[in-house]
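Under our numbering, the first residue of the sequence shown is numbered 433, with each subsequent residue one higher.
Idealized CB from N, CA, C, for every residue including glycine.
Predicted model, so just to flag it, every value in this text is computed and none were measured.
A short write-up of the structure that comes next.
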Amino acid sequence: MKKRTNWRTGKPQRWLKKHSSIIFTSEEPKVSKEKKLTHVNKAGAANMVDVGSKPNTERIAEAKAEVYMRGETIALIRDNSLDKGDVIATARIAGIMAAKETSKLIPLCHPLPISQVKVEIQLDEENNSVKIASIVKTSGKTGVEMEALIGASIAALTIYDMCKAVDRGMNFRVWLATKSGGQSGEFVFEPPPSK
Numbered sequence: 433m434k435k436r437t438n439w440r441t442g443k444p445q446r447w448l449k450k451h452s453s454i455i456f457t458s459e460e461p462k463v464s465k466e467k468k469l470t471h472v473n474k475a476g477a478a479n480m481v482d483v484g485s486k487p488n489t490e491r492i493a494e495a496k497a498e499v500y501m502r503g504e505t506i507a508l509i510r511d512n513s514l515d516k517g518d519v520i521a522t523a524r525i526a527g528i529m530a531a532k533e534t535s536k537l538i539p540l541c542h543p544l545p546i547s548q549v550k551v552e553i554q555l556d557e558e559n560n561s562v563k564i565a566s567i568v569k570t571s572g573k574t575g576v577e578m579e580a581l582i583g584a585s586i587a588a589l590t591i592y593d594m595c596k597a598v599d600r601g602m603n604f605r606v607w608l609a610t611k612s613g614g615q616s617g618e619f620v621f622e623p624p625p626s627k
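Structure representation (C-alpha cells):
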C-alpha cells in the first residue's frame, strides 16, 4: 500500500514530521500554551505590535478558498453567461486589489510593501465549486498571511456577489494554506475535505 503523501511536496508525511520544522496536518492547528496573543497589551487592550527591531526577510503566504454552488451556476460561470460579466476575471482583480488594502481593513495590520499578489481561480465542475489561491510576497518585518487571506476572501465574496441573482445558497470556506519567513518559520495546512 502506497504511503499518503503531502500534496505540496510529494514527500511522505512521516518524513516531514521527523525532519522538518514545517507543520503539516489535516487537523485544525492547536494553539500552544506558551504562545501569547501579540495584539493585546498587558492591560488587555488592543495593541499594534512594534516590529521596528525585526529584520527584513522574504515572506510568502498562500491562502485558499472554495466557493460551493449549484451545478447550474458553475455552468453559467464557465460559459460567461451571467449578466454581470466575466466572474473569474472580476474576482481575480478584486482579490488582488483587496490584498493591497489589508491594513485599511484589519485594524492592527501593518501597511506593507507588497512585492507580488497573485490570485488564481479554477472551476471544479466535478465538485460544484470554484477554487481560489491567493499568494502574497514581501520582503519585510512582518508576514503577509492576512493579505493572502483578504485576497482569497474578497475573491470569494466577489464570486458570490456576481452570482447571487441565480444562486443565493452559495457558501465558502477560507484558510491559510502556507506561510514562510520570519521567526515562526514554515507552516503548511490542508483542511479536511468539505462535506
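Checklist entry - Among the residues of its own chain, which have a CB less than 6 Å from the CB of glutamate 490, if the five just before and after it don't count? => result Ser571 and Gly613
Next on the checklist: So, for asparagine 603: in the same chain, excluding its five sequence neighbours on each side, which residues have a beta-carbon less than 8 Å away from its beta-carbon?
Outcome noted: Val499 and Tyr500
Next on the checklist: Taking the beta carbon of arginine 524 as the centre, do at least 16 other beta carbons fall within 10 Å, making it buried, or is it exposed?
Outcome noted: Buried: at least 16 other Cβ atoms inside 10 Å.
Next on the checklist: On the criterion of 16 or more Cβ atoms from any shown chain inside 10 Å, does glycine 404 qualify as buried, or is it exposed?
Outcome noted: Examination of residue 404 is not possible in this model, given that the chain is present from 433 through 627 alone.
Checklist entry - Would you call alanine 477 buried or exposed, if buried means 16 or more other Cβ atoms sit within 10 Å of its Cβ? => result Classification for alanine 477: exposed.
Item to check | Residues bridged to arginine 551 [DSSP beta-bridge criterion] | outcome: At residue 551 the sequence reads valine, which differs from the arginine that was named. Residue pairing by DSSP places valine 551 opposite Ser566 in a beta bridge.
Next on the checklist: Is aspartate 511 close to chain D? Criterion is C-beta to C-beta, closer than 7 Å.
Outcome noted: Looking for chain D here will not work: only one protein chain is present.
Next on the checklist: Considering Cα atoms alone, identify which of Lys486, Lys468, Ala493 and Val620 is closest to alanine 573.
Outcome noted: What sits at residue 573 in the sequence shown is lysine, not alanine. Out of Lys486, Lys468, Ala493 and Val620, Lys486 has the C-alpha closest to the C-alpha of lysine 573.
Checklist entry - Closest to asparagine 560 by CA distance: which of Asn488, Ile538 and Ala507 is it? => result Ala507
Checklist entry - Taking the alpha-carbon positions, what's the leucine 514 to alanine 588 distance? => result The straight-line gap from Cα to Cα measures roughly 16 Å.
Item to check | Beta-carbon proximity list for threonine 590, same chain, < 7 Å, skipping 5 on both sides | outcome: Thr522, Ala523 and Ala526
Item to check | Whole-Å CB distance - valine 606 paired with serine 585, under 8 Å assumed | outcome: 5 Å
Checklist entry - If you draw a straight line from the C-alpha of isoleucine 538 to the C-alpha of histidine 471, how long is it? => result Approximately 12 Å between the Cα atoms of the pair.
Item to check | Range of the contiguous alpha helix (DSSP H) that encloses valine 519 | outcome: First-last of the alpha helix (DSSP H) with valine 519: 519-531.
Item to check | Residue from Lys516, Thr534, Ile520 and Thr505 whose Cα sits closest to the Cα of valine 568 | outcome: Selection Lys516, Thr534, Ile520 and Thr505 evaluated against valine 568 yields Thr534 as nearest (Cα-Cα).
Next on the checklist: Using 7 Å as the threshold, is the C-beta distance between glutamate 577 and leucine 544 below it?
Outcome noted: Contact: no.
Next on the checklist: Rounding to the nearest angstrom, what Cα-Cα distance links leucine 555 and glycine 503 in this structure?
Outcome noted: 11 Å
Checklist entry - With 16 as the cutoff for other CB atoms within 10 Å, does alanine 475 come out buried or exposed? => result exposed
Item to check | Collapsed DSSP secondary structure at glycine 572 in the structure displayed | outcome: strand
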